[in-house]
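Chains as they are written, first to last, in the numbering used here: chain Z, 1 to 328; chain P, 329 to 773.
We put the beta carbon where it would ideally sit given N, CA and C, even for glycine.
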Amino acid sequence: MTTTQAAPRQEPGAPEPQERSPSPARGSGGGRLTPPWLPWLLQAPALLVLGGLLVYPLLWVVTLAFQDFNLRELRTGGFHWSGLDNFREILGDSTLWQVALPNTVVFAAVNVALTVVVGTLVAMLLLRLGPWLRGVLTGAIMVAWAMPAVTGTYVWVYIFDTSDGMVMRLLSTLGLADPDTTNWFTDRAAFFGIATLNVVHHGFPFVAITVLAGLLTVPKEVLESAELDGAGAWRRFWHITFPLMKPIFAVVVVLSTIWDFKVFTQIYLMPGGSGTNREVLNLGTWSYVTALSQNRYGSGAAIAVVLTLLLLGITLVYLRTLFKQEEL
Amino acid sequence: MRVTSTGARGARGVARGVVGGLAALGLMTACAGGTGGDAEISTADGEVDGSGKTLTVWIMEGTNPDAEPYFEEVGAAFEEETGAELDVQFVPWAEAHDKFVKSIAGGTTPDVAEVGTTWTPEFADAGALVDLTGAVEDAGLADGLVPGLVEAGTVEDELYGMPWYSGVRSVIYRTDLFEQAGVEPPTTWDELVEVGEALEQQDPEMLAFPVAGDSEFGVAPFIWGNGGELAVEEDGSWTSAVDSPEAVEGIEFYTGLATEHGFSSPAATTWDEADLSDAFARGDVGMMVAGSWTPAALLEANPDLEGKIGAFPIPGPDGGLSPSFLGGSHLGIFNTTEDPDLAFALVRLMSTGELAEKWGDQSGYFPGTTALLEEIEAEGDPLVAPFAQQEREAGKSVPVTPLYGQVQGKKTVSAMLQEILSGKADAATAAEQAAAEMDEIFQRG
């Protein structure tokens, strides 16, 4: 996202920079120094890499979604256009409406909310700490952030192991759970509860660090004068800090939404998450199981396209509402 | 321990393959169209001159705990015979299927590779493997091959995988616990329940017979033993059969060991075979369905079990044996090879005679030729002979069609087991759902 926004900034024809001292690129004699093709040439390596790694696969997934594409086609090449068949199959599949879509949307909503709230609270805590303690705490949450998703997932699965994980031991000592009758991973709510702990734990450090950076820019004088006028902490946050930091929250929420929507590793690697427990499939794991475990690349790609469209839609609506309010 | 040879992948094992799983969809798209001429073997039995050439070979990692010295020996023997060198690469089972698929797409397949028996029809159907029928006949090898492996490697009457080794699941049990409880290995299903009850009575903490939910090959013997089938072929098209009365009764008995008799635990509902072996190695388990390759790994994980492990073939409902999945590996030649004759010379060298026998000894698997198999049975090792008996008398293949690979990929049978074990559905309902899912895949073709 950021890269695509950054690229056109120097596009000729943008009215804004004219007021400032004209850059040599734009000056009347500047053409000699900087021919119009030069910016493109300089961008070429980056554009090539982006094109090869991002645009090409993306377009390929989209074309796959309209084909009947299996292992044979993968070897021999060739196109078997099937029109909207893949989409018809997916939209008519109860797995989408009863399982994958609710699992994806509800999980993302809960996790984005929790991640942002926990991250913001931690950021506000960090703001109040002295430099030394802040360093220690930042270091600690960085470890959570740096841990690879695979490792993190196995740690959480290990903690919640139903025969002798530490949570089960604690709860059974307290008489709250019985390992002879319970397996959390076969229960939809418990399964996603554990996944939520994992994802929020892995995601909140980013929010905390970003929000902290924003909080440091909020002018102290404004907050102080508000306090003198008798505004409590709650009002100061909602009436001063939050409005000032709206762009930062927008970024944090959009990025978290994207990450939590397409969460894959954390679900796939949990017991039952790779397809044996059909209740816990989400769009990501469903797409993977269809495309790569069954070699039905066309259908898998169609699911991926549906996921991408959904995500784009939600992001657009969210950004629109957010910045519309601001303009008013 | 590794489900090897079957294509089923334990969640843990997948870890490495899934690092960056999100990228997977992107990755799979990066490959378009393959190459690969239609290689044919012309000399199956004569001298092949391979001096100055190198064959690339993929071998699955973990079948033989220490495979490198073995392949140094193979390399030396091959160089002596043909003058060609070998470049042997070891591929972990868990990521092998994806790796094969990607290389098939990119035209970068090896010359010769070990191919899990359930993958052979899939790759053959995609046109990636060389037809070995004529070459195997010319070399005079056709008659001595283990029938189950030949069946698994045959697509439309043509053989695409040379049987290399095979393995079969039976029951591994704790001899010391059986002795304490005064019970003998069961020979019928009723006896199996009685033995389980005796073990539970002796130690209620013990899992007498854990039923792993993510193990399709655990339930298969009970479906087959009761006269049921996973799917049946008629006039070239397949129909599911897991919801037949015989199959459902078998499934009911097997899952009933957990839900009715309490020989298992709720945790086992999400176990795969690796988790099952771990529990056995910890000493928590009395009996389990496990492969002939498992004892060595169990003893390595827990040396205290030395002398306390035995095996018996899976009993039939009223005596006899229940058939068990006969898995293993083929040696396949991929059609990207530049020298099919040289490749076949290697296949012949590895799958026959002394080198084949040595591989079996080291890995705990059985050779792909009947002559060698009979030799092993005659030796009568108590941890080997029951498996050899199971393989010879009651070894069975899963439906040999690339479509069944899709059924396995979708984990239809495991999903059915977990539904029943977690109490979400009864055996009949879950089996009906599984059957519908299989039929959908079969009909789509």
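Looking only at P/Asp-667, P/Thr-598, P/Val-570, P/Tyr-732, the smallest Cα-Cα distance to P/Lys-381 is reached by P/Asp-667. If you draw a straight line from the Cα of P/Glu-465 to the Cα of P/Asp-485, it comes to about 13 Å. Short of 7 Å from the beta carbon of P/Val-741, and not among the five residues preceding or following it, lie these beta carbons of its own chain, in chain order: Glu-544, Val-547, Ala-762. Cα atoms of P/Phe-770 and P/Leu-731: separation of roughly 6 Å, rounded to the nearest angstrom. The Cβ atoms of P/Gly-541 and P/Thr-598 sit closer than 8 Å to each other. Residues of the segment 185-197 of chain Z whose Cβ lies closer than 7 Å to any Cβ of chain P, in chain order: Phe-185, Thr-186. Judged by beta-carbon spacing, P/Ala-509 lies within the 8 Å limit of P/Leu-527, meaning their Cβ atoms are closer than that value.
Contact of Z/Gln-98 with chain P is not assigned, every C-beta pair being separated by 8 Å or more. Pairing P/Gly-737 with Z/Ser-293 gives a Cβ-Cβ distance under 8 Å.
Interface annotation, P/Lys-427: not in contact with chain Z, CB-CB separation never under 8 Å. Using a CB distance below 9 Å, the part of the segment 450-464 of chain P facing chain Z consists of Glu-450, Phe-451, Asp-453, Ala-454, Gly-455, Ala-456, ordered along the chain. Proximity of Z/Pro-45 to chain P, defined by a Cβ-Cβ separation below 8 Å, is not satisfied. P/Pro-668 has a beta carbon lying at 8 Å or more from every beta carbon in chain Z. For the segment 735-746 of chain P, the residues whose beta carbon sits under 7 Å from a beta carbon of chain Z are, in order, Gly-737, Lys-738, Lys-739, Ser-742, Ala-743, Gln-746. Listed by position along chain P, the residues whose Cβ is nearer than 7 Å to that of Z/Gly-152 form an empty set, because the closest Cβ is around 12 Å away. Residue contact check for Z/Leu-311 against chain P: no CB pair falls below 8 Å.
By the CB criterion at 8 Å, Z/Leu-309 and Z/Ser-287 fall outside the cutoff. Rounded to the nearest whole angstrom, the C-alpha separation of Z/Thr-104 and Z/Phe-261 is 6 Å.
Counting the other CB atoms within 10 Å of its CB gives Z/Thr-217 a total below 16, which places it among the exposed residues. Contact between the segment 485-496 of chain P and the segment 682-694 of chain P is present: three or more C-beta pairs spanning the two stretches fall below 8 Å. Close to chain P, meaning a Cβ-Cβ distance shorter than 9 Å, are the following residues of the segment 287-298 of chain Z: Ser-287, Tyr-288, Val-289, Thr-290, Ala-291, Leu-292, Ser-293, Gln-294, Asn-295, Arg-296, Tyr-297. Spanning the alpha carbons of P/Gly-435 and Z/Arg-75 requires a straight line of approximately 8 Å.
The Cβ-Cβ distance between P/Pro-651 and P/Gln-717 does not fall below 8 Å. When secondary structure is reduced to three states using DSSP, Z/Ser-274 falls in the coil class, being assigned neither helix nor strand.
Under the three-state reduction of DSSP, P/Gln-761 is assigned to helix.
One thing to note: P/Trp-447 has its Cβ no nearer than 8 Å to the Cβ of P/Gln-417. Contact of P/Ile-432 with chain Z by beta-carbon distance below 8 Å involves Leu-71, Leu-74, Arg-75.
Each of P/Ala-595, P/Ala-596, P/His-658, P/Ile-551 was checked against the Cα of P/Ala-575, and the nearest Cα belongs to P/Ile-551. Residue pairing by DSSP places P/Glu-562 opposite P/Ser-565 in a beta bridge.
Rounded to whole angstroms, the gap between the alpha carbons of P/Gly-472 and P/Ile-500 is 29 Å. Secondary structure at P/Lys-724: strand, using DSSP grouped into helix, strand and coil. In the three-state reduction of the DSSP assignment, Z/Pro-39 falls in the helix class, which pools H, G and I. When C-beta distances to chain Z are compared with 7 Å, the residues of the segment 588-601 of chain P below that value are Ser-593, Pro-594, Ala-595, Thr-597, Thr-598, in chain order.
Using a Cβ-Cβ cut-off of 8 Å, P/Ser-750 counts as an interface residue toward chain Z, since at least one Cβ of chain Z sits closer than that to its own. Following the DSSP letters along the chain, one finds P/Ala-618 inside the beta strand (DSSP E) bounded by residues 615-619. With respect to the C-alpha of Z/Gly-165, the residue from Z/Pro-179, Z/Gly-130, Z/Leu-174, Z/Gly-175 having the closest C-alpha is Z/Pro-179.
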